[in-house]
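For reference, the structure is listed below as structure tokens.
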Amino acid sequence: MPEIEALLPRLRAANTQVLGVSVDSVYSHANWGEDLGGVSFPLLSDFEPKGGMAKSYGLFLEGPGITDRATVIIDHTGVVRYAESVGPGGRRDTAGLAAQCEAIDAAHPGAQPPPKGHDPHEAPVLYVKSKCGFSRAVQLARHNLHLGFIPLKNVSDDAAAKAELESAAGTDQAPCLLASGKPLHEAADIIKHWVEAYAPL
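Next up, the structure:
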């Protein structure tokens, strides 16, 4: 995954959206991404029904109950243009996969997606609480998406931050993302907002 992360600019230039898929839970993905130093492309959980998506591509290994280590490249019309398995213990040739994406993009050009990125006028701030699972989830997402530029304030440890949050949002409920002056309190909404606003294409 770090090799793919390093190639994201090249893959974005080839109009490629990278997705990681496994039968692990979203919680496993969040912790695994943190252990890798952050994974800024989406990790999809093929958890229930277990391996349902992998089975549709013939990539679920029934014996061990895992997804095969494989790569599938689908063009913008939904046509599978490339598929390769390296087996559960194999290693992908990430530079070769980037070249495949470039070749597919050149042969089957589609509409260019709009650029994403940090809006300097948004001035977001993330408020969290200690010993809060939802606060932990948004902190993992902030780390994995490489959003260190978003200030983090812990209202459990910082009375000034708590007062600041109460003044801005009318409550000290955290997690809370203040973005463009509007509070988002639900962890799922905060993470969705970040993915839509900041995740690489």
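Heads up: take any position in the sequence shown, counting from 1, add 1, and you land on my numbering.
Glycine included, C-beta positions come from ideal geometry on N, C-alpha and C.
Please classify residue i: does DSSP put it in a helix, a strand, or coil?
i    : result
N145 : helix
K163 : helix
A15  : coil
V126 : strand
P1   : Absent from the model: residue 1. The displayed extent of the chain is 2 to 202, so no value can be given.
S41  : coil
P89  : coil
P184 : strand
Could you check whether the Cβ of residue i sits closer than 7 angstroms to any Cβ belonging to chain C?
i    : result
K183 : In the displayed structure, chain C is absent; only one protein chain is listed.
From what residue to what residue does the beta strand (DSSP E) around residue i run?
i    : result
C177 : 177–180
V80  : Unbroken run through V80: none, as it is neither H nor E.
T72  : 71–75
L153 : 153–155
G21  : 21–23
Just reading off the alpha helix (DSSP H) that residue i is part of, what are its end residues?
i    : result
Y1   : Since the displayed the chain opens at 2 and closes at 202, residue 1 lies outside it and no answer follows.
P3   : 3–7
V196 : 188–199
G264 : Beyond the ends of the chain as shown, which are 2 and 202, falls residue 264; an answer cannot be given.
Can you check which of these residues, the options, is closest to residue i by C-alpha distance?
i    : options             : result
D106 : E197, T17, L9       : T17
P43  : E49, P50, T78, I5   : I5
K183 : F135, L127, A164    : L127
P10  : C102, R143, Q140    : C102
L37  : V24, D94, Q140, P3  : P3
G88  : R70, F135, L8       : R70
W33  : D158, F150, L146    : L146
A124 : C133, G64, I151     : I151
S86  : A55, A100, V27, H77 : A55
L62  : G90, D159, A108     : G90
How many whole angstroms separate the CB atoms of residue i and residue j, which I take to be in contact at a CB cut-off of 8 angstroms?
i    : j    : result
L98  : T68  : Actually they are not in contact, since the Cβ atoms of L98 and T68 sit about 17 angstroms apart, beyond 8 angstroms.
A175 : V156 : 5 angstroms
L148 : Y199 : 6 angstroms
H30  : S41  : With a Cβ gap of about 13 angstroms, H30 and S41 do not count as contacting.
A138 : A188 : 5 angstroms
H194 : G39  : Actually they do not touch by this definition, with Cβ atoms about 18 angstroms apart.
Sufficient close CB pairs (3 or more, under 8 angstroms) joining the region 156–167 to the region 50–57: no
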